[in-house]
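Participant: Below: one structure in structure tokens.
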Amino acid sequence: MKQTILIVEDDQPNLDVMEMLIRKLGYEPVLISNGLEALEYVNKNPPSLILLDIMMTPIDGWVFLERFRNNAAMKNIPVIIFSAAPEVEERMTHIRDPCLGVLHKPVSLNELKDAILRFLPKP
Amino acid sequence: MERKITVAGHSISHTDIVRICVIISLTLSCIFITSISLTRHVETIYAQLFYFPILYAAYFYQRRGLFLAGFCAVIYEVLAYINIFPDTTGMIYTTSQAILFICIAAVVAYFTEKINSSETRFRSIFEKSLLGIVLFDQNTFAIRMANDPFASMLGYSRQELGTMTFARFFHTKEEQRRFFEFLGSSEDVIHFETAFISKSERPVWVNLSWSRIDENLVSCSVIDITQRRLAEQAAVENHQHYEQVTEHAPTGIVIIRDNRIVYTNPIFRAFTGYDADELYGMEIRLLVHPDDQSQFPAFMEVLDSQPSLPDRLVLRFRTKTGDTRLGTLFFTWITRMGSPAILVNLVDVTEHERLKETMLLDNERRRGTMNTVAHELRAPLQPLIGNINLLLQNPETYGVTEKIKEILAQCSLSVDREQQIIDQMLELSVLDAGKVPLKYISFDLPALLQSVIDDGDYASRADLAVTVPAGLTFEADANRISVVLDAMLTNAVNLAKPPRKIRISYTSAPEDTMHRLAIQDNGTGISSAKLDEIFNQSPGNGNAGQSERIGMSLSIAKKYVQMHGGFISVDSTLNIGSTFTIHIPKHPQNAEIKP
């Protein structure tokens with residue numbers, strides 16, 4: 001069974017291309033464009049990894065991450081923050097989470113692959 | 001000097017010898033005359049004659065005078081016994097006379113000794129006193145006596161003073177007139193301060209106290225107070241100077257004693273809106289904003305013990321018009337008019353704080369804007385890059401021909417360049433906001449340099465000569481230094497003329513406090529007019545294109561080096577080339593260095 005990667009992103013063109021890239025890398029993509037819906041989804045279907053956008057509505061990526069990590073069962077699911085916002089790096093200096101990575105948009109296929117391989121074994 | 005001779009071990013002056021001769025001859029004469037008088041019954045002469053030697057001896061030699069009186073009394077009594085006995089009345093009379101001799105001698109000796117003792121004491125005081133003492137006639141002001149301290153005070157000898165009048169010493173006619181007025185009041189005067197003029201025409205400040213010895217003679221003690229007067233004058237001058245300084249000081253100055261204002265300068269008055277009279281005597285605490293009054297130091301009320309003062313305080317003040325202003329206060333203990341007081345220096349920081357707040361708000365707003373702009377600029381690049389990657393990696397799936405692959409590769413390069421510009425713009429804006437912490441580590445510089453050269457493929461773009469000691473260690477933020485090196489190498493490659501030659505050398509000596517890494521190119525050089533510009537490029541500042549990107553990367557490099565406490569220097573010669581030297585402290589201050 002393929003490892004699933006949940007992509008939480010509110011930009012449709014991005015979602016479309018990410019779906020193809022993830023699939024190309026051999027993982028099963030799950031696309032959700034709303035943070036609240038994503039929280040609901042992960043409770044029922046914990047993914048292997050989450051690619052998380054930051055600037056979203058109604059809740060942004062940070063709020064999603066906080067609520068997600070509050071669930072003890074989700075503590076060890078890797079999350080890669082996948083954002084174009086420059087504030088991410090500064091915020092990350094205050095967070096101690098071994099299962100948290102960062103990717104700055106835009107990323108190439110190889111960069112995406114390397115980032116995912118840090119947390120997940122080769123599919 | 002009095003001449004003396006020694007008789008039987010005793011030193012006797014010639015005056016004494018003469019006196020003794022006079023006394024002996026008088027005594028013998030008296031005995032002889034009295035003897036004859038008694039023999040011939042000349043009653044009116046014999047007893048009184050003995051008073052001459054007795055008074056003489058008692059006056060000059062008080063105790064020996066008494067002995068002489070006793071001797072004369074005995075002789076007189078013996079002569080009377082021989083010539084008068086048994087006349088009882090005569091014997092009583094002569095005995096009374098003999099006793100009277102001794103009594104008169106005793107009285108004369110007593111008073112003479114008392115007078116001599118007083119005079120000795122007076123002499124002693126007069127000669128040995130450290131004060132100047134002068135006796136003068138109050139009608140003619142002629143100096144009768146003056147001691148050495150008085151003479152040396154004015155630079156005259158005592159002989160010279162003996163020919164002078166006391167009135168001539170006054171420095172001015174006005175001082176002399178004042179002295180006459182006080183002297184004419186016929187009261188004894190103490191602590192009359194005036195100025196004399198010395199022999200060398202130098203003013204001498206003196207304190208006079210005088211009293212009358214008799215109707216004409218005045219005894220006056222004179223204390224030299226010139227030094228005290230000079231000190232007072234200096235203090236007054238200092239005070240005037242101090243007032244001048246404070247009146248023209250660019251900051252507010254207020255002096256407080258017993259918690260109340262005793263002085264304010266114009267700047268402080270302008271700060272509070274009150275005038276000097278309104279502020280005088282006011283409790284300074286009342287000027288402080290009610291919310292800040294609790295912070296106001298309690299030491300203001302315990303001046304006597306002079307507790308330590310805070311370095312500075314920033315307090316809000318309530319002005320006369322009800323406005324709130326912000327002042328930084330600096331406290332200093334001073335002595336004002338001989339008493340302790342606190343000098344408070346006030347710097348009006350109202351506008352400065354407003355500006356700082358505005359700048360902070362602006363920075364925050366700018367950061368927010370840049371965050372949004374960056375997001376909006378970067379986000380659309382993601383589908384572009386993603387799709388190009390997919391097309392290039394699966395050409396067969398999407399029917400991509402070789403020609404299309406070339407076009408897609410060019411698109412990919414353009415997207416990379418765009419991303420680089422956006423990243424640099426953002427980095428500069430973040431650096432300007434000053435919110436980038438450095439992560440200090442100890443790292444091997446040659447290794448880092450090599451990785452930068454490899455990543456940027458600089459070895460293929462220019463002839464590189466690297467002279468950096470093996471094992472050279474830097475204590476710095478390795479990531480930022482790598483960005484700096486990359487920017488400097490990109491700049492060198494772009495400035496160099498084909499065939500491009502770049503020399504990288506470490507030029508710091510072991511005793512230097514800074515690392516120095518020089519990057520030298522063989523380019524056309526940079527004119528001095530352009531030197532200042534090359535580090536100050538920002539988006540939109542200059543022509544768009546490669547030079548702008550290099551300018552931004554150099555600006556970022558400069559800021560990174562400055563954040564480390566270093567700087568970048570440029571030495572450039574037209575048509576020869578440029579050398580950019582990075583100076584980084586070898587031992588960074590206040591940096592937590594991780595291995």
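Chains as they are written, first to last, in the working numbering: chain A, 1 to 123; chain B, 1 to 595. C-beta: ideal position from N, C-alpha, C; glycine also.
1) By Cβ distance below 7 Å, which residues in the same chain neighbour Gly545 (chain B) in space, the five residues on each side in sequence not counted?
2) With DSSP as the reference, please indicate the residues paired to Pro203 (chain B) in a beta bridge.
3) Does the region 129–136 of chain B come close enough to the region 108–117 of chain B to have 3 or more Cβ pairs within less than 8 Å?
4) Leaving out five residues on either side along the sequence, give the residues of the same chain with a beta carbon under 8 Å from the beta carbon of Arg260 (chain B).
5) Does the beta-carbon distance from Val79 (chain A) to Leu52 (chain A) come in below 7 Å?
6) Determine the contact status of Leu329 (chain B) and Val344 (chain B), defining contact as a CB-CB distance below 7 Å.
7) Taking Val430 (chain B) as the query, report the chain A residues whose CB atoms sit under 7 Å from its CB, ordered along the chain.
8) For Arg549 (chain B) and chain A, any beta-carbon pair shorter than 7 Å?
9) With DSSP as the reference, label Phe150 (chain B) as helix, strand or coil.
10) Thinking Lys497 (chain B) and Thr524 (chain B) are a contact (beta carbons under 8 Å), I'd like their distance in whole angstroms, please.
11) Could you check what DSSP says for Lys122 (chain A) in three-state terms: helix, strand or coil?
12) When DSSP labels each residue in this structure, what does Ser118 (chain B) get in the three-state scheme?
13) Can you list the residues of chain A that Met370 (chain B) reaches, using a CB-CB cut of under 9 Å?
14) Classify Ser221 (chain B) as helix, strand or coil using the three-state DSSP reduction.
15) Have a look at the DSSP bridge pairing and note the partners of Gly101 (chain A).
16) Flag this pair as yes or no: are the beta carbons of Ile504 (chain B) and Val561 (chain B) separated by less than 7 Å?
17) Indicate whether at least one CB of chain A lies closer than 7 Å to the CB of Ile385 (chain B).
18) Considering only residues of the same chain and omitting the five flanking positions on each side of Asn543 (chain B), which have a CB-CB separation below 8 Å?
19) For Val17 (chain A), return the contacting residues in chain B, with the cut-off set at a CB-CB distance below 8 Å.
20) In chain order, what residues of the same chain have a beta carbon less than 7 Å from the beta carbon of Arg118 (chain A), not counting five sequence neighbours either side?
21) Listed from N- to C-terminal order along the chain, which residues in the region 98–113 of chain A have their beta-carbon within a distance smaller than 9 Å of any beta-carbon of chain B?
22) At the 7 Å Cβ level, is Asn14 (chain A) part of the contact set with chain B, yes or no?
23) Let me see if you follow: with CB-CB separation under 7 Å, is Leu11 (chain A) close to chain B or not?
24) Among A:Ala84, A:Gly26, A:Glu111 and A:Glu28, which one has its Cα closest to the Cα of Val373 (chain B)?
25) Less than 7 Å between CB atoms is the rule here; does Leu21 (chain A) satisfy it with respect to chain B?
26) As a quick exercise: from B:Phe580, B:Ile576, B:Ile407 and B:Asn575, pick the residue whose alpha carbon is nearest that of Ser569 (chain B).
27) Of all the options B:Met514, B:Leu517, B:Ala557 and B:Gln419, which has the alpha carbon lying nearest to the alpha carbon of Asp486 (chain B)?
28) Check the Cβ of Arg325 (chain B) against every Cβ in chain A and list those closer than 9 Å, keeping chain order.
29) Quick one: residues in its chain with C-beta nearer than 8 Å to the C-beta of Phe126 (chain B), no 5 flanking neighbours on either side, listed in chain order?
30) By Cβ distance, which residues of its chain are closer than 6 Å to Tyr263 (chain B), with the 5 residues on each side in sequence left out?
31) Nearest CA to the CA of Ser198 (chain B): which residue from B:Gly162, B:Val108 and B:Gly155?
32) For Arg378 (chain B), go through chain A and note every residue whose CB falls closer than 7 Å to its CB, in chain order.
33) May I have the straight-line CA-CA distance separating Gly540 (chain B) from Met552 (chain B), to the nearest angstrom?
Facilitator: Per the coordinate set shown:
1) For the purposes of this step, residue 545 (chain B) is taken as the residue at position 545 of the second sequence. Confidence at Gly545 (chain B) is low in this model, with a pLDDT of 45, below 50, so its placement is unreliable and the value that follows should be read with caution. Within the same chain, Gly545 (chain B) has no close Cβ partners at all.
2) Counted from its first residue, the second sequence places residue 203 (chain B) at position 203. In DSSP, Pro203 (chain B) forms a bridge with B:Ile197.
3) no
4) Taking the second sequence and counting its residues from 1, the one referred to as residue 260 (chain B) is at position 260. Around Arg260 (chain B): Gly281, Met282, Glu283 and Ile284.
5) Indexing the first sequence from 1 puts residue 79 (chain A) at position 79. Indexing the first sequence from 1 puts residue 52 (chain A) at position 52. Closer than 7 Å, so yes.
6) The count along the second sequence starts at 1 and reaches residue 329 (chain B) at position 329. The count along the second sequence starts at 1 and reaches residue 344 (chain B) at position 344. The answer is yes: Cβ separation under 7 Å.
7) Position 430 of the second sequence, counted from the first residue, corresponds to residue 430 (chain B). Within chain A, the residues near Val430 (chain B) are Pro86.
8) Counting from one through the second sequence, the residue named residue 549 (chain B) turns up at place 549. Below a pLDDT of 50, predicted positions are generally treated as unreliable, and Arg549 (chain B), at 49, falls in that range; no measurement from the model is reported.
9) Numbered from 1 along the second sequence, position 150 holds the residue referred to as residue 150 (chain B). If DSSP states are grouped into helix, strand and coil, Phe150 (chain B) belongs with the helices.
10) Here residue 497 (chain B) is taken as the residue at index 497 of the second sequence, counted from 1. Here residue 524 (chain B) is taken as the residue at index 524 of the second sequence, counted from 1. Right, their Cβ atoms sit about 6 Å apart.
11) The residue you call residue 122 (chain A) lines up with position 122 of the first sequence. In this structure, Lys122 (chain A) counts as coil in the three-state DSSP scheme.
12) The residue labelled residue 118 (chain B) in the question sits at position 118 within the second sequence. Looking at Ser118 (chain B) - three-state DSSP - the assignment turns out to be helix.
13) Here residue 370 (chain B) refers to the residue found at position 370 when the second sequence is read from its first residue. The answer, in chain order, is Pro86.
14) Taking the first residue of the second sequence as position 1, residue 221 (chain B) is located at position 221. Under the three-state reduction of DSSP, Ser221 (chain B) is assigned to strand.
15) On the first sequence, position 101 is the one that residue 101 (chain A) refers to. Partner(s): A:Ile80.
16) For the purposes of this step, residue 504 (chain B) is taken as residue 504 along the second sequence, with counting starting at 1. For the purposes of this step, residue 561 (chain B) is taken as residue 561 along the second sequence, with counting starting at 1. No, Cβ-Cβ distance for Ile504 (chain B) and Val561 (chain B) is not below 7 Å.
17) If you number the second sequence from 1, residue 385 (chain B) lands on position 385. Yes, contact with chain A.
18) For the purposes of this step, residue 543 (chain B) is taken as residue 543 along the second sequence, with counting starting at 1. Confidence at Asn543 (chain B) is low in this model, with a pLDDT of 41, below 50, so its placement is unreliable and no value can be given for it.
19) Translated into positions along the first sequence, residue 17 (chain A) becomes position 17. Correct list: Gln382, Pro383, Gly386, Asn387 and Leu390.
20) For the purposes of this step, residue 118 (chain A) is taken as residue 118 along the first sequence, with counting starting at 1. Excluding positions up to five away in sequence, the list reads Gly101.
21) Of all residues in the region 98–113 of chain A, His104, Lys105, Pro106, Val107, Ser108, Leu109, Asn110 and Leu112 have a Cβ within less than 9 Å of some Cβ in chain B.
22) Residue mapping note: residue 14 (chain A) aligns to position 14 of the first sequence, counting from 1. Yes - at least one Cβ of chain B is within 7 Å of the one on Asn14 (chain A).
23) For the purposes of this step, residue 11 (chain A) is taken as residue 11 along the first sequence, with counting starting at 1. Reading the sequence as shown, one finds Asp at residue 11 (chain A) and not Leu. Cβ-Cβ to chain B under 7 Å: yes for Asp11 (chain A).
24) Residue 373 (chain B) sits at position 373 when you count from the first residue of the second sequence. Ranking A:Ala84, A:Gly26, A:Glu111 and A:Glu28 by Cα distance to Val373 (chain B) puts A:Ala84 first.
25) For the purposes of this step, residue 21 (chain A) is taken as residue 21 along the first sequence, with counting starting at 1. Yes, its Cβ sits closer than 7 Å to a Cβ of chain B.
26) Residue mapping note: residue 569 (chain B) aligns to position 569 of the second sequence, counting from 1. When only C-alpha atoms are compared, the closest one is B:Phe580.
27) Translated into the one-based positions of the second sequence, residue 486 (chain B) becomes position 486. Of the candidates B:Met514, B:Leu517, B:Ala557 and B:Gln419, the one whose C-alpha sits nearest the C-alpha of Asp486 (chain B) is B:Ala557.
28) Position 325 of the second sequence, counted from the first residue, corresponds to residue 325 (chain B). Per Cβ cutoff of 9 Å: no residues; Arg325 (chain B) is ~35 Å from chain A at best.
29) Position 126 of the second sequence, counting from 1, holds the residue named residue 126 (chain B). Within the same chain, Ile133, Met145 and Asn147 come within 8 Å of Phe126 (chain B) by CB-CB distance, once the 5 residues on both sides are set aside.
30) For the purposes of this step, residue 263 (chain B) is identified with residue 263 of the second sequence, where counting begins at 1. Around Tyr263 (chain B): Ile255.
31) Indexing the second sequence from 1 puts residue 198 (chain B) at position 198. A check of alpha carbon separations from Ser198 (chain B) across B:Gly162, B:Val108 and B:Gly155 identifies B:Gly155 as the nearest.
32) Residue 378 (chain B) sits at position 378 when you count from the first residue of the second sequence. Per Cβ cutoff of 7 Å: Ala84, Lys105 and Pro106.
33) Within the second sequence, the letter at position 540 stands for residue 540 (chain B). Within the second sequence, the letter at position 552 stands for residue 552 (chain B). The pLDDT assigned to Gly540 (chain B) is 42, lower than 50, so where the model puts this residue is not dependable; a value taken from the coordinates is nonetheless given after this. Computed Cα separation, rounded: 10 Å.
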